[in-house]
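Following: one structure in structure tokens, then a few remarks.
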Amino acid sequence: MISGAFPIPGREIKRAMRVNAFSLGLAIEKCGGTPPPIEMTSDRFAQDLFPDLDLIAQKGFNDEVDERDKALATVGPDCQDLLPGLAAYEDWRDLFHDWTVLAETTQAESTALAATKAHAAACLRDRSGLTVDDADPTTYLRSVNIEMSADGTTRADSLRYASIYAECTRGYFNTMGSELAKRRSQLVERNRELLERFARELAGAGYVP
């Protein structure tokens, strides 16, 4: 539950994806659809803030088969309420939205992180030939999107750009993770009752960590 509300870049992102996949599956089942596999990794989010670089290196910026879209396609047009029916869910998701704002502020203002930006940006530029801002290495993602929208680009091109991102930003996101970890403990304690309540509701719905 903590990883889903307060994610930190790295391997724990898969735990957040797992909780999100289960919650989405509950909502889809309520609408008579077929839930996605709980271990799916196609529901990527904020890879400029909370990437799993190992996953990106392995599968690229997105999965070749989007299990999330496949599951959503099984839901009829009359079903608009794609909520899992868990009382604490929306409050739990609000924690993530607030955490995202904090992460964006950290990204902009952290002195420790600032020291890693130019090196990461130079690595991305040199390896890819794309435009990357020294003050924000994640602008690489925008350049990749522009490049991949051109005619003639392939899945292999996307995977190459993803591999470069995973290699060049590792130090940057390790520092980002350390900075966020300093803030997370206090927020976990402040919201422990909500986190535990949501965990109980998930377990009651059949979620197995």
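Numbering (the numbering used here), first residue to last: 2 to 210. In this text, a Cβ means the ideal position worked out from N, Cα and C, and glycines have one as well. Note that the structure is predicted; figures quoted are calculated from it, not measured.
How big is the Cα-Cα spacing for residue i and residue j?
| i | j | result |
| --- | --- | --- |
| glutamate 65 | arginine 185 | 33 Å |
| arginine 12 | leucine 56 | 8 Å |
| aspartate 137 | alanine 119 | 8 Å |
| alanine 123 | alanine 167 | 14 Å |
| serine 4 | valine 20 | 9 Å |
| leucine 87 | glycine 26 | 12 Å |
| tyrosine 141 | threonine 117 | 15 Å |
| aspartate 92 | alanine 6 | 10 Å |
| tryptophan 100 | proline 210 | 22 Å |
| arginine 193 | aspartate 67 | 33 Å |
| valine 189 | aspartate 152 | 46 Å |
| lysine 60 | threonine 112 | 32 Å |
| arginine 191 | arginine 161 | 42 Å |
| serine 144 | glycine 205 | 44 Å |
| isoleucine 39 | glycine 172 | 30 Å |
Under the DSSP definition of a beta bridge, which residues are partnered with residue i?
| i | result |
| --- | --- |
| aspartate 134 | Asp137 |
Around the Cβ of residue i, are there at least 16 other Cβ atoms within 10 angstroms (buried) or fewer (exposed)?
| i | result |
| --- | --- |
| asparagine 146 | exposed |
| aspartate 44 | buried |
| glutamine 48 | buried |
| glutamate 202 | buried |
| threonine 155 | exposed |
| aspartate 53 | buried |
| serine 24 | buried |
| proline 37 | buried |
| arginine 126 | buried |
| threonine 176 | buried |
| threonine 139 | buried |
| threonine 42 | buried |
| threonine 35 | exposed |
| alanine 115 | exposed |
| proline 8 | buried |
| threonine 170 | buried |
| proline 10 | buried |
| alanine 109 | exposed |
| alanine 72 | buried |
So for residue i, helix, strand or coil by DSSP?
| i | result |
| --- | --- |
| serine 111 | coil |
| isoleucine 147 | helix |
| glutamate 40 | coil |
| aspartate 79 | coil |
| glutamine 48 | coil |
| phenylalanine 7 | coil |
| leucine 84 | coil |
| arginine 94 | helix |
| arginine 185 | helix |
| asparagine 192 | coil |
| asparagine 63 | coil |
| glutamate 13 | coil |
| methionine 18 | helix |
| methionine 177 | helix |
| glycine 205 | helix |
| alanine 74 | coil |
| glycine 33 | coil |
Between residue i and chain D, is there a C-beta pair that is closer than 8 Å?
| i | result |
| --- | --- |
| proline 37 | The structure shown contains no chain D, having only a single protein chain. |
Q | At least 3 beta-carbon pairs within less than 8 Å: the stretch 125 to 135 vs the stretch 97 to 115 | A | With a cut-off of 8 Å, the stretch 97 to 115 and the stretch 125 to 135 do not count as touching, because too few Cβ pairs lie within range.
Q. Would you call the stretch 28 to 44 and the stretch 194 to 206 in contact, with 3 or more CB pairs under 8 Å?
A. No contact exists between the stretch 28 to 44 and the stretch 194 to 206.
Q.
Is it the case that the stretch 76 to 93 contacts the stretch 176 to 185, given that we only count it when at least three CB pairs across the two stretches are under 8 Å?
A. Cβ pair count under 8 Å is below three, so no.
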